[in-house]
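Structure first, then comments.
Below, the structure written as structure tokens:
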């Protein structure tokens with residue numbers, strides 16, 4: 180019975196956590212060498228379906244966002260084979276990637 184109460188308490192806490200008003204500026208890197216995200220260099224990762232995603236590797240942190248056209252549809256350019264990353268996506272930081 181205590182396990183069920185624990186799960187119920189955990190579910191309630193998770194639900195309330197979604198109600199927190201988080202006004203953190205998402206355009207700023209908050210890592211060891213923090214800077215505005217516009218200072219980082221992006222590359223493109225091509226997913227298994229052949230569609231593009233912006234990718235940035237900032238040492239310990241990483242960023243990924245689907246590449247969309249002006250109508251909000253995925254861009255599938257064929258710039259490289261599926262499951263390939265191209266561009267200078269690791270050159271935005273002097274901090275090395277530990278893995």
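Residue numbers (the working numbering): 180 to 278. Ideal Cβ placement from N, Cα and C applies to all residues, glycine included. Just so we're clear, the structure is a prediction, and the values are computed from it rather than from any experiment.
Considering only their Cβ atoms, is the gap separating residue 235 from residue 247 smaller than 8 Å? no
Applying the 10 Å Cβ sphere with the 16-neighbour rule, what's the burial state of residue 221? buried
Residue 242 - partner residues in DSSP beta bridges: 235
I need the boundaries of the beta strand (DSSP E) containing residue 222, first residue and last residue. 222-225
Could you check how far apart the C-beta atoms of residue 231 and residue 258 are, in whole angstroms? I think they sit under 8 Å. 7 Å
Neighbourhood of residue 241 by C-beta distance below 7 Å, restricted to the same chain and skipping five residues each side: 235
Using only the alpha-carbon positions, how far apart do residue 237 and residue 266 sit? 14 Å
Less than 6 Å between C-beta atoms, sequence neighbours within five positions excluded: which residues of the same chain meet that for residue 233? 221, 244 and 246
For residue 239 and residue 227, the rounded distance between their alpha carbons: 25 Å
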